[in-house]
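Shown next, in structure tokens, is the structure this report addresses.
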Amino acid sequence: MKKLISVLLAVLMLLLTGCNNEPPHTEGTGPGRMVRRIEVAIHPEDPDFSRTYVTQENMNELLALLRSMHNDEEPEQTPDLEGGQSYYTATVTFANGQQSVYCLLGHTYLRLGEEDWCVIDTDLSMKFSEFIHTHPSDDGSVIIETTAAPTETTAPVQTVPVETEPVIADDPLSLLRADMKPHMAALGYLGYCDLEKYDSPMAYLQGEFPNYLASNAYLSGVDKVYGNYGSLYCVVPRDPNARVTVNHVKFEGMYPYEHLQTIEADAPGEPFFVLCIVDDETLLEVIITEPDGRTLRWYPTISELYCEGTRLISSYLVADYGPYEDLPEADLANADKALDALRADMTVPVAARAMLDQWDQTSGKDPIEYAREIYPKFFAENAFLAEAQKCYGGSGSIYCVVPRLPDTAVTVNVVSTEGEYPYQKLESLGAHPNGEPFFVLSDLDETKMLEVIFTEPDGRTLTWYAYWKEVHGDTEIVAPESLMTGIPAPSERTFRDTLMSYGWVVPELSQIDGTCWESRYYSYGLDLFSGGEAILYDITYDEDFNSIYSVGYRGVWLFDNGYLTLTMRPEEGTGYTAFTGTYPLLLASYGELWLGRSEADGTALPYIPAGFEGDDLAPTVG
């Protein structure tokens, strides 16, 4: 979560340009070289990101961080200070009046004075942003509000106890609340709650996350669950005196969403569960209000967060405390048991298969090795696949296939794609060892495809064509789910990774600078003007179906290493809400642009509905 906070702060950094390079003095020793002051500024100037530190604790920590970033790794190209990115300067002033100036460009480069630029560790640069975010100036320039004790007048006044730092109990709930400060709430993502397998969310947790429940025993008494199905979240308000309101709002439109029904009004700030989906037309709105009036609004389905009900904010008001563990090691000792369990679960189907995405032929790895690399969890949970070394086919999507019975006979043929079933046999690849798991690549070429025939001891036959995804039983075509089932294979790749495996590439700056785009599926357009201005257009149609363009948002854009940062403000009168986001871009060979969801917080352009990974944009003439 801390890394996410830093990323979001960095987005705000990338709005400005310029740098001030004051030449440093050579660092020496002695009293004159003692640090007296460190001033941090963003260029051009923005007071919200300016800091002055004079306390030894803050100066030591910041200076140690700056020095840890400094290294000898030179960039391949000299950073362009006029490329649209802003950067920080940290001016270190010594007792003798001399100064050293550090300059941080984005999250990538650092320079000390007039020395050469170096490539810095991203995690360290994130820590710098986080430090600035969490440490206000300590030179007295920032007024810290305090609660003054009331003075006594001629009329006696009631004594108000002075608030002291509370003693933190050592129970897990109290420790969690103390740890999440200054966040307003903690969210724990608990995966998709399968209510067909489990009677309730609590039964699901007991079955899937027993260790998480054991270490957070306070959850055993939580009985409030909002929502009907979908991903399950545990929500813990930081302040036990916070009030929680849960509403149903209308799914259509943009924030503020139309109120439909109040489910819970001002409930105490105790932990509760949320199932993210109500139905196709209704959103869940969770409002957490602390005693001082600070308010957080959360919409689980579309992962939106709002502060004070007026503006979209980043998720820095929510801490993340899910039951996340390292990927499991393959349990080779119980691999046979896992295979037996899978086969027992099939009962009716002749075979099971799972699609493991497109094989990237440029990876330098064979299909099975490639699949193991991108689906480590799947292979760990199905350890019996460690012995599966046979793969049939030439290219395309990778399928893992497991016959139901160990004595099932498997034959693989090459057949013609022309005509209808039964397809002309061109070549026999022979018999696969009885009942052993194997892999299939869906494509051979435009004229050929693989035919995989399973024959069980009782004569029951399944014929499968991966290219067409056709399934035949004996001589009649059957529904795929009747004689072939799926092995659960949860996605372990981003949608972006999947597109790249299909040939989409990261665009160059020159390919988007000064370009105009129009959504293939939704009614909006995007102009990325040379110079950094960006405009989002609403597209409507007149009675003759002619397009009408009206400005919805204006702002600025930046592009860095495949990611587009948009900082947009609504056009007056639209009723829209300002937003900032960094979105992945990919370019297809035929010229279309894919604009995905933010990898930091899952948000997308306001035109893109929930449940969609992004949008395809076609080039237009501006």
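Note that the sequence shown covers residues 54 to 675 in the working numbering. Glycine included, each C-beta is placed from N, C-alpha and C at the ideal position. Small disclaimer: the values here were computed from a predicted structure and weren't measured.
(message) Quick check for students: name the residue ranges of the alpha helix (DSSP H) that lie wholly in the stretch 222–285, counting only runs of 4 or more.
(response) Those alpha helix (DSSP H) runs which fall completely within the stretch 222–285 and span 4+ residues are 225–233, 254–261, 263–268.
(request) Assign Arg573 to one of two classes, buried (16 or more other C-beta atoms within 10 Å of its C-beta) or exposed (fewer than that). (result) Under this definition Arg573 is an exposed residue.
(message) Using the Cβ count rule (16 or more neighbours within 10 Å means buried), how would you classify Asp595?
(response) It counts as exposed.
(message) Determine whether the beta carbon atoms of Ala161 and Arg90 lie at a separation below 7 Å.
(response) Before going further, note that residue 161 is Thr rather than Ala in the sequence given. No; because the gap between Cβ atoms is not below 7 Å, this pair is not in contact.
(request) Would you tell me roughly how many angstroms separate the C-alpha atoms of Tyr308 and Tyr616, rounded to the nearest one? (result) Taking the Cα positions, Tyr308 is about 25 Å away from Tyr616.
(request) List the whole-angstrom C-beta distance separating Thr105 from Glu92, where the pair is believed to meet the contact cut-off of C-beta under 8 Å. (result) Going by Cβ atoms, the distance from Thr105 to Glu92 rounds to 5 Å, so yes, they are a contact pair.
(request) Go ahead and pull the three-state DSSP assignment for Ala631. (result) In the structure shown, Ala631 sits in coil (DSSP, three-state: anything other than H, G, I, E or B).
(request) Give the C-beta separation of Phe437 and Asp389 to the nearest angstrom, bearing in mind that I take them to be a contact with Cβ-Cβ under 8 Å. (result) That pair is a contact at about 7 Å.
(message) Rounded to the nearest angstrom, what separates His643 and Pro324 at their Cα positions?
(response) Note that residue 643 corresponds to Tyr in the displayed sequence, not to His. Each residue's alpha carbon lies about 50 Å from the other.
(request) Could you name the residues of the same chain whose beta carbon sits closer than 7 Å to that of Glu378, not counting the 5 residues immediately before and after it, in chain order? (result) Residue placement at Glu378 is poorly supported in this model, since its pLDDT is 48, which falls under 50; the coordinates are not used for a value here.
(message) For Ile540, which residues in the same chain have their Cβ closer than 6 Å to its Cβ, ignoring the five residues on either side in sequence?
(response) Counting only Cβ-Cβ distances below 6 Å, and skipping sequence neighbours, we find Ala405, Ala407.
(message) Pull the bridge partners of Tyr602 from the DSSP assignment, please.
(response) When beta bridges are read from the DSSP output, Tyr602 appears opposite Ile592.
(request) Output the distance between the C-alpha atoms of Ile506 and Arg549, rounded to the nearest integer angstrom. (result) Their backbone Cα atoms lie some 34 Å apart in a straight line.
(request) Determine the direct distance from the alpha carbon of Tyr257 to that of Ile221, and round the result to whole angstroms. (result) Residue placement at Ile221 is flagged as unreliable, the pLDDT there being 47, under the threshold of 50; a coordinate-derived value is accordingly withheld.
(request) Return the CA-CA distance between Ser495 and Leu482, expressed in angstroms with no decimal places. (result) Looking at the backbone, the Cα of Ser495 and that of Leu482 are separated by about 15 Å.
(message) Given a cut-off of 7 Å on the beta-carbon distance, is the pair Pro170 and Pro128 in contact?
(response) It should be pointed out that residue 170 corresponds to Trp in this sequence rather than to Pro. The answer is yes: Cβ separation under 7 Å.
(request) Please report how far the alpha carbon of Gln411 lies from the alpha carbon of Pro560, in whole angstroms. (result) Between Gln411 and Pro560, the C-alpha separation is close to 21 Å.
(message) Taking DSSP's pairing of strands, which residues face Arg104 in a bridge?
(response) Answer is Val93.
(message) Could you compute how far the alpha carbon of Ile421 sits from the alpha carbon of Val465?
(response) As the crow flies, the alpha-carbon of Ile421 is around 18 Å from that of Val465.
(message) DSSP three-state label for Lys443, please.
(response) In this structure, DSSP gives Lys443 a state outside helix and strand, which the three-state scheme calls coil.
(request) With a 10 Å radius around its C-beta and 16 neighbouring C-beta atoms as the bar for buried, classify Gly85 as buried or exposed. (result) Note that Gly85 scores a pLDDT of 39, beneath 50, so its modelled location is shaky; the value from the coordinates is reported in the next line. Under this definition Gly85 is an exposed residue.
(message) Let me confirm a value: Arg650 is counted as buried when at least 16 other C-beta atoms fall within 10 Å, else exposed. Which label applies?
(response) Residue environment: Arg650 is assigned as buried (16 or more neighbouring CB atoms within 10 Å of its CB, all protein chains considered).
(request) Tell me where the beta strand (DSSP E) around Leu115 begins and ends. (result) That residue, Leu115, is in no beta strand (DSSP E); its alpha helix (DSSP H) goes 109–122.
(request) Could you tell me whether the Cβ atoms of Glu311 and Val299 are closer together than 7 Å? (result) No, they are not a contact pair.
(message) Given the structure, does Asp393 come close to the ligand GDP, in the sense that its CB is under 6 Å from one of the ligand's heavy atoms?
(response) The ligand GDP is absent from the structure shown, which contains no ligands of any kind.
(request) Please classify Leu503: does DSSP put it in a helix, a strand, or coil? (result) In this structure, Leu503 counts as strand in the three-state DSSP scheme.
(request) Buried or exposed for Asp668, please, with buried defined as at least 16 other CB atoms from any protein chain shown within 10 angstroms of its CB. (result) Asp668 comes out buried.
(request) Take Gly241 as the anchor and find which of Glu586, Tyr265, Glu571, Lys522 has the nearest alpha-carbon. (result) Ranked by how close their Cα comes to the Cα of Gly241, the residues Glu586, Tyr265, Glu571, Lys522 have Tyr265 in first place.
(message) Restricting to Cα atoms, I'd like to know which of Arg291, Lys501, Asp591 is closest to Asp345.
(response) Nearest C-alpha to Asp345: Arg291.
(request) List the DSSP bridge partners of Val403. (result) DSSP lists no partner for Val403.
(message) Could you compute how far the alpha carbon of Thr630 sits from the alpha carbon of Ser178?
(response) When rounded, the distance between both Cα atoms is 30 Å.
(message) As an exercise, report each continuous beta strand (DSSP E) stretch of at least 3 residues that is fully enclosed by the stretch 121–196, in chain order.
(response) Counting whole runs of 3 or more residues, the stretch 121–196 contains the beta strand (DSSP E) stretches 140–147, 152–158, 162–165.
(message) Would Val467 and Lys501 be called neighbours here (beta carbons separated by less than 7 Å)?
(response) The answer is yes: Cβ separation under 7 Å.
(message) Taking its Cβ as the centre, do 16 or more other Cβ atoms sit within 10 Å of Phe665, making it buried, or is it exposed?
(response) By the neighbour-count definition (other C-beta atoms within 10 Å, threshold 16), Phe665 is an exposed residue.
(message) Please give me, in chain order, every unbroken run of the beta strand (DSSP E) with length at least 3 that falls completely inside the stretch 414–472.
(response) Complete beta strand (DSSP E) runs here, min 3: 448–456, 462–469.
(request) Pull up the distance between the alpha-carbon of Ala439 and that of Asp413, whole angstroms please. (result) Going from the Cα of Ala439 to the Cα of Asp413 covers about 21 Å.
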